[in-house]
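J.:
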Amino acid sequence: MAEKATICKANITLSDMDRHYYGDLSLTIAQHPSETAERMMVRLLSFCFRAADNLTFTRGLSSADEPDIWLKSDDGRILEWIEVGQPTPERLKKAQGVAQQVLVFAYGRGMDIWWKNHALAIQGLSKVKVSYFDAVELQDLTKLAAKTMNLTISITEAIAYISSADHNICVSLRDMP
Numbered sequence: 030m031a032e033k034a035t036i037c038k039a040n041i042t043l044s045d046m047d048r049h050y051y052g053d054l055s056l057t058i059a060q061h062p063s064e065t066a067e068r069m070m071v072r073l074l075s076f077c078f079r080a081a082d083n084l085t086f087t088r089g090l091s092s093a094d095e096p097d098i099w100l101k102s103d104d105g106r107i108l109e110w111i112e113v114g115q116p117t118p119e120r121l122k123k124a125q126g127v128a129q130q131v132l133v134f135a136y137g138r139g140m141d142i143w144w145k146n147h148a149l150a151i152q153g154l155s156k157v158k159v160s161y162f163d164a165v166e167l168q169d170l171t172k173l174a175a176k177t178m179n180l181t182i183s184i185t186e187a188i189a190y191i192s193s194a195d196h197n198i199c200v201s202l203r204d205m206p
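Position in the sequence shown (first residue = 1) + 29 = our numbering.
(1) Between the stretch 113–124 and the stretch 40–51, are three or more C-beta pairs nearer than 8 Å?
(2) Pull up the distance between the alpha-carbon of Ser-75 and that of His-147, whole angstroms please.
(3) At 3 residues or longer, what runs of the beta strand (DSSP E) sit wholly inside the stretch 64–143?
(4) Glu-186: buried (16+ other C-beta within 10 angstroms of its C-beta) or exposed?
(5) According to DSSP, simplified to helix, strand and coil, what is Leu-43?
(6) Can you tell me where the beta strand (DSSP E) holding Ala-59 begins and where it ends?
(7) Label Ala-194 either buried or exposed according to how many other C-beta atoms from any shown protein chain fall within 10 Å of its C-beta, with 16 as the threshold for buried.
(8) What's the call for Pro-96, buried or exposed, on a 16-neighbour Cβ count within 10 Å?
(9) Is the distance from the Cβ of Lys-156 to the Cβ of Ala-128 below 8 Å?
(10) Thinking Asp-141 and Ser-201 are a contact (beta carbons under 8 Å), I'd like their distance in whole angstroms, please.
(11) Pull up the distance between the alpha-carbon of Phe-86 and that of Ala-135, whole angstroms please.
(12) If you draw a straight line from the C-alpha of Leu-167 to the C-alpha of Ser-102, how long is it?
(13) Determine, using beta carbons only, whether Ser-160 and Ser-44 come nearer to each other than 8 Å.
(14) Considering only residues of the same chain and omitting the five flanking positions on each side of Ala-124, which have a CB-CB separation below 6 Å?
(15) In chain order, what residues of the same chain have a beta carbon less than 6 Å from the beta carbon of Ser-192, not counting five sequence neighbours either side?
(16) Does the beta-carbon of Ala-39 have 16 or more other beta-carbons within 10 angstroms, so that it is buried, or is it exposed?
(17) Please look up how many angstroms separate the CB atoms of Arg-72 and Leu-100, rounded, as I've assumed it's under 8 Å.
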């Protein structure tokens, strides 16, 4: 019998001063059985950096034909295809064929090798923008992972200041060189 996803709830008070987006988010996140707490939290943080009406988590790891997150227009067009991790250039090329913009929030062990091997191919894709999270800062982010999370997140100058009842951390989002 296949393992089921762990369902997590996140109640977030979000203030994104960079994009002038402010709101209270009630998110349900399905953590795939093979997904680490770090990856789930990176998906959550990526969602906050792109928060907008019609932004949704997809089936993610459960579906090869969908990104981790996408923003669709009211008529169903894909405005933003958002990948978390280290996708292949082929996947990103396919994504830019169906979306107006493709965003990658890279992170994780081996990211420098991934970028070294794929930078030229990815930089040649006109609709793709790659950013990354600092690995050291992400270690603290996993401390916030829980089945129920109540967080306050303020984003300014591409730095997320994240507070829970027990922790205060910051995570920087940087453009890939």
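Virtual Cβ for every residue (Gly too), placed ideally from N, Cα, C.
T.: By the coordinates alone:
(1) no
(2) Start at 1 with the first residue of the sequence shown, and residue 75 comes out as number 46. Start at 1 with the first residue of the sequence shown, and residue 147 comes out as number 118. C-alpha separation (whole angstroms): 21 Å.
(3) 84–86, 98–101, 107–113 and 128–135
(4) Taking the sequence shown and counting its residues from 1, the one referred to as residue 186 is at position 157. Counting Cβ neighbours within 10 Å, Glu-186 comes out exposed, since fewer than 16 surround it.
(5) Residue numbering aside, residue 43 sits at position 14 when the sequence shown is read from its first letter. Residue state, collapsed to three classes: strand.
(6) Along the sequence shown, one-based indexing puts residue 59 at 30. Residues 50–60.
(7) Counted from its first residue, the sequence shown places residue 194 at position 165. It counts as exposed.
(8) What you label residue 96 is simply residue 67 of the sequence shown in a count that begins at 1. Flag for Pro-96 reads buried.
(9) Along the sequence shown, read from residue 1 onward, the residue named residue 156 stands at position 127. Along the sequence shown, read from residue 1 onward, the residue named residue 128 stands at position 99. It is a contact, given that the beta carbons lie within the stated cut-off.
(10) As a working mapping, residue 141 is identified with position 112 in the sequence shown. As a working mapping, residue 201 is identified with position 172 in the sequence shown. 16 Å between Cβ atoms; not a contact.
(11) Taking the sequence shown and counting its residues from 1, one reaches residue 86 at position 57. Taking the sequence shown and counting its residues from 1, one reaches residue 135 at position 106. Going by the C-alpha atoms only, they are around 17 Å apart.
(12) Residue numbering aside, residue 167 sits at position 138 when the sequence shown is read from its first letter. Residue numbering aside, residue 102 sits at position 73 when the sequence shown is read from its first letter. Going from the Cα of Leu-167 to the Cα of Ser-102 covers about 31 Å.
(13) Position 131 of the sequence shown, counted from the first residue, corresponds to residue 160. Position 15 of the sequence shown, counted from the first residue, corresponds to residue 44. No.
(14) Within the sequence shown, the letter at position 95 stands for residue 124. Excluding residues within five positions, the ones whose Cβ falls inside 6 Å are Trp-110 and Val-131.
(15) Counting from 1 along the sequence shown, the entry for residue 192 is found at position 163. Excluding positions up to five away in sequence, the list reads Thr-181.
(16) Reading the sequence shown from its first residue, position 10 is the one you call residue 39. Buried is the call here.
(17) To locate residue 72, count along the sequence shown from 1; it is residue 43. To locate residue 100, count along the sequence shown from 1; it is residue 71. Actually they are not in contact, since the Cβ atoms of Arg-72 and Leu-100 sit about 14 Å apart, beyond 8 Å.
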